[in-house]
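>
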Amino acid sequence: MGEKTGRILVVEDDLDIRSILSQLLVFEGYDVEEAADGAEALALLRRDKPPALILLDLMMPVMDGWQLRAELQRDPALSSIPVVIVSADVRAEQEASRLRVAGLLKKPLQIEPLLDLVHRICGAPGR
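Okay, here's the thing in C-alpha cells:
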C-alpha cells in the first residue's frame, strides 16, 4: 500500500453519523480513527502520525470544527493534512475557501460523492 492511502480521522459529535461513516470507510479498506469533538481530535493528531485525511463536522460541543480548523492551520505539523468539511451549516459553503479545505460535503451525506472525494485524496486502498 502506498503512502497516499491509509488512516482517516472522522471528527463528528453525532455517534450514529460517526459510526456509519467509520463503517463505510473501513469497508472500503481504510483505517479509521474517530473523535467526538475538536479537542479529542487535536489530542489524537498531536499523539499519532498525521492521517491521510480528516473528515470534519463543524457544529460540535467542546471545540467545534471551526476552532479545530484554526488550530490545524496554526500548527506546521498538522496544517498540510487535507480536511473535508462534512456539515449542514449553511455558512460552510461561504467559508470553505477561507478554511482552505480539500472539499465540502453537505449533510445529509450522500455516499457516492463522499467516496469519490476520499478516493481522490487518499487513493483507493488495497486495489
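Quick note: the sequence shown, position 101, residue 101 per the UniProt record's numbering, numbers continuous.
Heads up, the beta-carbon is just placed ideally off N, CA and C, and yes, glycines get one too.
All figures in this text were calculated on a predicted structure; none of them were measured in a lab.
1) Between S22 and V11, which are expected to be in contact by the criterion C-beta below 8 Å, what is the C-beta distance as a whole number of angstroms?
2) So which of D48, E93 and P61 has the shortest CA-CA distance to D14?
3) Look up G123 in the DSSP assignment and say whether it is helix, strand or coil.
4) Is any heavy atom of the ligand PLP found at a distance shorter than 7 Å from the C-beta of S87?
5) Skipping 5 residues on each side, what residues in its chain have a beta carbon closer than 8 Å to that of E33?
6) Since L68 contacts I85 with CB under 8 Å, what's their CB separation in whole angstroms?
7) At what residue ranges does the UniProt domain "Response regulatory" (7-122) contain a whole run of the beta strand (DSSP E), taking only runs of 3 or more?
8) Taking the straight line between their C-alpha atoms, what separation do you get for S97 and F27?
9) Just how far apart, CA to CA, sit G2 and D31?
Judging by the given coordinates:
1) That belief does not hold up - the Cβ atoms of S22 and V11 are roughly 11 Å apart, past 8 Å.
2) P61
3) coil
4) For the structure depicted, the ligand PLP is absent and the ligand set is empty, with no information on it obtainable.
5) R7, I8, L9, V10, L44, D48 and P51
6) Actually they are not in contact, since the Cβ atoms of L68 and I85 sit about 11 Å apart, beyond 8 Å.
7) 7-11, 31-35, 53-56, 83-87 and 103-106
8) 31 Å
9) Low confidence applies to G2: its pLDDT is 39, below 50, so where it sits in the model is not reliable, and the reading given next is rough at best. Roughly 13 Å between the two C-alpha positions.
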